[in-house]
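To keep things clear, I will list the structure first and then write my remarks on it.
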Amino acid sequence: MKLTILGTGNASVTEYYNTCFALSDERRHFLVDAGGGNQILGNLKKAGVPMEEIHDIFITHEHIDHLFGLIWLIRMIGQKMNQGKYEGDVRIYCHCGLIPTITTIAELTIQKKVTKHIGKRIQLIPLESGEVKKIIDCEVTFFDIGSTKAKQFGFTLTTPEGKKLSCCGDEPYNVCEEPYVKGSDWLMHEAFCLYREAEKFQPYEKHHSTVKEASQLAEELNIPNLILYHTEDSHFGSRKELYTKEGQQYYHGNLYVPDDMETFRI
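Be aware that the sequence shown starts at 1, since it is given in full-length UniProt numbering, and climbs by one per residue.
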């Protein structure tokens, strides 16, 4: 299983793209979030992930830095359907409250010749917490992360080889996630900023954590591999070094602070 990090930044970044990524098995791809704009199209192209091969998309929540890139994908995939260049359907998974939002934005901003596919070949699939789906031959369990800002789901994915990856969305781990995250081989967790810069960036007021807290969590949960994302971008060019140095003080597994377009083998 290949993991491609398409974006690593939080909502206000200008040096990185907003956080989103793709899990791929050969020519099958599972896209998680889409960032905040049409840069998703360019990043997918750079990553060698053709839109024609994306048939499963998961949107964690309603915030624009995760959702608006999806509107561009709906437009482009719908156009390809009209041109006979897209085979099959695209399935967009999200919690049930997000479906009217996606539908409304799409219908207000995209031509009817494309939006006519919504509910047909462009399927909006509502999720309940704890629901399991089979996606690219992996068992994917979606769960409510208990957000106090906006309803948000995360997920765990188990590969056919038995490797388990968990994504906690873009908020700090909540104890309600333990039944799903426990025993993960990989944890993807937000880290808004360095702990020493918490006063500057005020992550706690935004319901985010620092590198220190995310690293301490992975240590407590005995997670072998930790990926940190959804960061600020004032340390563009040196973020990897600085975040890794802080994180390794609290976490003794394999710590990764990826740049946009970096890839991993799960």
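The beta carbon of each residue, even a glycine, is placed where N, CA and C say it ideally should be.
Starting from the C-beta of D89, find all residues in its chain whose C-beta is less than 6 Å away, skip the five residues before and the five after it, and write them out in chain order. Spatial neighbours of D89 in its own chain (CB-CB distance under 6 Å, excluding positions within 5 residues in sequence) are listed in chain order as R121, Q123.
Check the DSSP bridge columns for T127 and list the partner residues they point to. Strictly speaking, residue 127 in this sequence is Leu, with Thr absent from that position. The bridge partners DSSP lists for L127 are H95.
CA-CA distance, T141 and A218? 20 Å
Tell me, which residues are paired with I71 by DSSP? In DSSP, I71 forms no bridge with anything.
Could you check the C-alpha separation between N225 and V257 for me, to the nearest Å? 11 Å
Along the chain, where does the beta strand (DSSP E) that runs through L221 open and close? From DSSP, L221 is part of no beta strand (DSSP E); its letter is neither H nor E.
Please report the residue range of the alpha helix (DSSP H) in which I40 lies. 39–46
Looking at residue 267: is its Cβ nearer than 8 Å to the Cβ of G169? Any property of residue 267 remains undetermined from this structure, which presents the chain solely from 1 to 266.
Length of the line joining the Cα atoms of K46 and F201: 31 Å
For A22, report the span of its beta strand (DSSP E) as first-last. 20–25
On the three-pair Cβ rule with 8 Å, is the region 230–249 touching the region 72–91? no
Supposed contact pair D185 and K164 - C-beta distance, whole angstroms, cut 8 Å: 5 Å
Under 8 Å between C-beta atoms of K149 and H207: H207 sits close to K149, with the two beta carbons spaced by under 8 Å.
So what does DSSP say about M188, is it helix, strand or coil? strand
Cβ pair count under 8 Å reaching 3, the region 12–22 against the region 172–183: no
Could you name the residues of the same chain whose beta carbon sits closer than 6 Å to that of V49, not counting the 5 residues immediately before and after it, in chain order? A22, H29
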